[in-house]
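Asks: Below is the structure I would like to discuss, written out as structure tokens.
Number of protein chains: 2
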Amino acid sequence: MSVAIDIDRLMARIFDLAKIGALPGGGCKRLALSPEDAESRALVTGWFEARGLEIHRDVIGNTWAIRADRNGGTTAPVLMGSHIDTVGTGGLYDGVLGVLGAFEVIESIDDAGIETERPLAVAFFTNEEGARFQPDMMGSGVAMGELGLDEMLASVGIDGPSVAEALAAIGAAGDEPVGALKPSCYLELHIEQGPVLEAEGLEIGVVTGVQGISWSEFTVSGATAHAGTTPMKMRRDAGVVAAAIALEARAIAASFGPPQVATVGRMRFSPDLVNVVPETAVLTVDLRNTDETELKAAEKWLFSKAETLAKVEGCTVTRRTLARFEPVVFDPDLVEEVAQGAAQLGMTARRMPSGAGHDAQMFAPHCPSAMIFVPSKDGISHNTTEFTAPDEIARGVALLAQVALTRAGHAQSEGRVQ
Amino acid sequence: MSVAIDIDRLMARIFDLAKIGALPGGGCKRLALSPEDAESRALVTGWFEARGLEIHRDVIGNTWAIRADRNGGTTAPVLMGSHIDTVGTGGLYDGVLGVLGAFEVIESIDDAGIETERPLAVAFFTNEEGARFQPDMMGSGVAMGELGLDEMLASVGIDGPSVAEALAAIGAAGDEPVGALKPSCYLELHIEQGPVLEAEGLEIGVVTGVQGISWSEFTVSGATAHAGTTPMKMRRDAGVVAAAIALEARAIAASFGPPQVATVGRMRFSPDLVNVVPETAVLTVDLRNTDETELKAAEKWLFSKAETLAKVEGCTVTRRTLARFEPVVFDPDLVEEVAQGAAQLGMTARRMPSGAGHDAQMFAPHCPSAMIFVPSKDGISHNTTEFTAPDEIARGVALLAQVALTRAGHAQSEGRVQ
């Protein structure tokens, strides 16, 4: 069966929420646990309450709202969620779609008078973005025991206060302990944040997992020298080594093939003068793969080659790990249900990994979890121009409803469903 | 014949001058036309006056002091000189050696009672370094008509005032017009500012000319994209193109062979984030060669390859010229005299181009000009740790005296010379 969702109601809510922390040129800034986050939490929680959902809030501010099952039970819900915090120059859809889309699913099901065997729930998690407090996916990580509560509460933000202090400042902490949230499964609707669906003209991404991430910072040390007076053979040019490492990262991606990706996003030379051979060069390499063995092989190749390239130039290289996450594989059965749901609803879809991190990966080790992607115009995200069209959103929400209903188990009610 | 120079007197003067603008950790800061420059001009001019030399100063502050010929004439002198301004973190020898070394030559000749057929002169030129006002080699360039006076006087410094204003502020301008300085030949003693002489264990560099210089800034424009969600084949990575251009510059130097050198001293990515494909990359390429045809060929190769590399990645590249000087070839006869002088004095020497610019290149089109290099420890210059040992300096000054005397034509006097 399918349930009719109200796209106008959903879009109105997305635009209402976007007024909080709205930036002059469009987009939003609602850093985690900021006054804007407080305001958005109140607005969304108010909507949950108005629908008569049972509100829960844990000690790190994760908030979930449950629609009871046909027997009034609220345990082990089919949980749908995401986040409502944004980066400093965020868009309207990243995270918000997963929360308000889930709420729309619950409202539509409610409006249709459909009763379910399992409760349905919608949640937003604290500090998914990591733009103010490190690490990202903090709230969901704490809720699922993947991150330590005390350590996270002590994390100090870019503007001074700790998570604990920021929670207190806006009154976002609840009474429920970590671990109070025990879903039977987890579903997250999200914009793709990449260009693949749009480029291939597809409506739905059936997300199979989250790429593993390896971030390294290389510091190459050579010798400063005069660009005119130093013969090439006497140079120890840190910049040349850095450039060669950057091209090696690209070669690794080409050699391994998809889904391996490699990105050199930062590069700095010192002393950074036109006529001075760089003494030091710092660059970052971001490697991602859905397969941990492949990712390790890519790392090994890169690290080894960086050493060789430095040695050939008479330079040295040191490396530090900025971030390292193993790939996450979503529940095959639930992923299959998403794929079948899309087919049943006549939507064009492809299976794909997520290249970015999401709250869903914190749930994956603990309950069947999966994600649904809808297209991002030009692949743009974490940007005020982030855009997904209402009809694209409507399809994603309809599919979310379809899968959630299947998982929750539904009965006909008032003769309005199949 | 050779004349005995007084290395202790010279070193004492070098150290006295180094007290002006002395930096806490060693080295000097005497930016052109600064109060420190004014103080150093007064000190050095005072020494010239104390020796009884005839002082001249032109409208841009170039200062020269003439020891008359045997008939009391002061026209068409054998001119020796360099500069006494420094970069922001300069050393004790760059420029200073060419001025105080030349003065030591004149004093030694004077002390020996040697009379010459032509006058001898020592000069310091305004703003050789270009650290405060662009371009460098300004004073000598104006003196020889290579740079326009009005344009140079209007050049605005990094701290606000123009050259004209700065000249007035420290009272450095003289009454003599541009072009008043008409030497019969020009000799400049300078530290190598490179590692070649030290590496090869040689005492003297017989400078054959100054490398041509081509400075380009490339701006590569691609598309910003998420490092995780954007497949490699969909990327337009400005950073990858920049890295490839940097390695191409290195390949050009390798392919052309010495004296071609190529340096990428600056490299910047934007937005410069670990997980974002660079939208823009800016890099500089410094190409130098002693042969203009070769230098043009290197430029053509680099510019063409940069276009190709950008195109392959779906990026665009623009280029602007930051600086361009044709190679300078010093007078073969005078260069030969320097080489023969070194041999006569039993000094080990090699012919070599200058990789850096010097006042001598402004004289080269107008009168026979040449330079003498002495070793720079570790090739370091434009740095407070710049160092050349007194015995190395003594050899350079003795050779300068030898060549200057040959050019000036000398007669025995008081029986002390051969």
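Read top to bottom, the protein sequences are chains A and B.
Counting from 1, position 306 in the first sequence corresponds to residue 306 in UniProt numbering; the numbering is continuous, with no gaps.
Counting from 1, position 294 in the second sequence corresponds to residue 294 in UniProt numbering; the numbering is continuous, with no gaps.
A virtual CB, placed ideally from N, CA and C, is assigned to each residue, including glycine.
(1) Mind reading off the beta-carbon distance from N289 (chain A) to Q211 (chain A)? Whole number of angstroms is fine, and I expect it under 8 angstroms.
(2) Taking the alpha-carbon positions, what's the A408 (chain B) to R118 (chain B) distance?
(3) Name the DSSP beta bridge partners of M371 (chain A), please?
(4) Going by DSSP, name the residue or residues bridged to S221 (chain A).
(5) What's the call for P177 (chain A), buried or exposed, on a 16-neighbour Cβ count within 10 Å?
(6) Starting from E39 (chain B), follow the alpha helix (DSSP H) in both directions and report where the run begins and ends.
(7) For F330 (chain B) and E198 (chain B), I'd like the C-alpha separation in whole angstroms.
(8) Would you call the region 353-367 of chain B and the region 380-396 of chain A in contact, with 3 or more CB pairs under 8 angstroms?
(9) Using DSSP with H/G/I as helix, E/B as strand and the rest coil, what is A398 (chain B)?
(10) Answer with yes or no whether the minimum CB distance from L345 (chain A) to chain B is below 8 angstroms.
(11) How many Å lie between G88 (chain A) and A342 (chain A) at the Cα?
(12) Pull up the CB-CB distance for A238 (chain B) and C315 (chain B), whole angstroms please, since I reckon it's below 8 angstroms.
(13) Taking contact to mean 3 or more Cβ pairs, one atom from each stretch, closer than 8 angstroms, check whether the region 102-113 of chain B and the region 139-151 of chain B are in contact.
(14) With a threshold of 16 other CB atoms inside 10 Å of the CB of D333 (chain B), please say whether the residue is buried or exposed.
(15) Identify each residue in the region 348-378 of chain B for which the Cβ-Cβ distance to at least one residue of chain A is less than 7 angstroms, and report them in chain order.
(16) For P375 (chain A) and G201 (chain A), what's the separation of their Cα atoms in angstroms?
(17) Name the chain A residues that come within less than 8 angstroms of Q134 (chain B), Cβ to Cβ?
(18) Measure the beta-carbon distance from I5 (chain B) to A398 (chain B) and round it to whole angstroms, keeping in mind my assumption that it falls under 8 angstroms.
(19) Quick check: the region 74-92 of chain B against the region 28-36 of chain B, are at least 3 beta-carbon pairs closer than 8 angstroms?
(20) Does the contact criterion of 3 or more C-beta pairs under 8 angstroms hold for the region 250-263 of chain B versus the region 316-324 of chain B?
(21) In angstroms, rounded to a whole number, what distance separates the CA positions of residue 423 (chain A) and V78 (chain A)?
(22) Using DSSP with H/G/I as helix, E/B as strand and the rest coil, what is Q418 (chain A)?
(23) Output yes if chain B places a C-beta closer than 8 angstroms to the C-beta of V156 (chain A); else output no.
(24) Taking the C-alpha atoms as reference points, what is the distance between E129 (chain B) and F303 (chain B)?
(25) Report yes if the C-beta distance between V317 (chain B) and V240 (chain B) is below 8 angstroms; otherwise report no.
(26) Could you check which residue in B:L287, B:N127, B:L189, B:W47 has the C-alpha nearest to that of residue 420 (chain B)?
(27) Any idea what DSSP makes of G81 (chain B), helix, strand or coil?
(28) Grouping DSSP H, G and I as helix and E and B as strand, with all else coil, what is S304 (chain A)?
(29) Report yes if the C-beta distance between M347 (chain A) and I204 (chain A) is below 8 angstroms; otherwise report no.
(30) Cα separation between E49 (chain A) and L400 (chain A)?
(31) Quick check: A227 (chain A) and V261 (chain B), are their CB atoms within less than 8 angstroms of each other?
(32) Near S162 (chain A), which residues of its chain fall below 7 angstroms by C-beta distance, leaving aside the five closest residues on each side in sequence?
(33) To test your reading of the DSSP string, which unbroken alpha helix (DSSP H) runs of 4 or more residues are found completely within the region 123-171 of chain B?
(34) Any beta-carbon of chain B closer than 8 angstroms to the one on V329 (chain A)?
(35) Hey, quick one: how far does the alpha helix (DSSP H) through Q261 (chain A) stretch, first residue to last?
(36) Give the straight-line distance between the Cα atoms of S136 (chain B) and P258 (chain A), rounded to the nearest whole angstrom.
Replies: Concretely, from the data shown:
(1) 6 angstroms
(2) 5 angstroms
(3) A:E188, A:V207
(4) A:T280, A:T316
(5) exposed
(6) 35-50
(7) 23 angstroms
(8) no
(9) helix
(10) no
(11) 34 angstroms
(12) 6 angstroms
(13) no
(14) exposed
(15) G355, A356
(16) 9 angstroms
(17) Near Q134 (chain B) there are no residues of chain A at all, since even the closest Cβ is about 13 angstroms away, more than 8 angstroms.
(18) 6 angstroms
(19) yes
(20) no
(21) One cannot answer for residue 423 (chain A) here, as it falls past the ends of chain A, which runs 1 to 418.
(22) Because the pLDDT at Q418 (chain A) is just 36, under 50, the model does not fix this residue reliably, and the value given afterwards should be weighed accordingly. Looking at Q418 (chain A) - three-state DSSP - the assignment turns out to be coil, as it is neither helix nor strand.
(23) no
(24) 29 angstroms
(25) no
(26) Limits of chain B in this structure are 1 at one end and 418 at the other, which puts residue 420 (chain B) out of reach.
(27) strand
(28) helix
(29) yes
(30) 22 angstroms
(31) yes
(32) L153, A154, S155, V156
(33) 138-143, 149-154, 163-170
(34) no
(35) Sequence inspection shows Val at residue 261 (chain A); the Gln mentioned does not correspond to that position. Taken as a continuous stretch (DSSP letters only), V261 (chain A) belongs to no alpha helix (DSSP H), being part of the beta strand (DSSP E) at 261-263.
(36) For the record, residue 136 (chain B) in the displayed sequence is Asp; it is not Ser. Roughly 52 angstroms separates the two Cα atoms.
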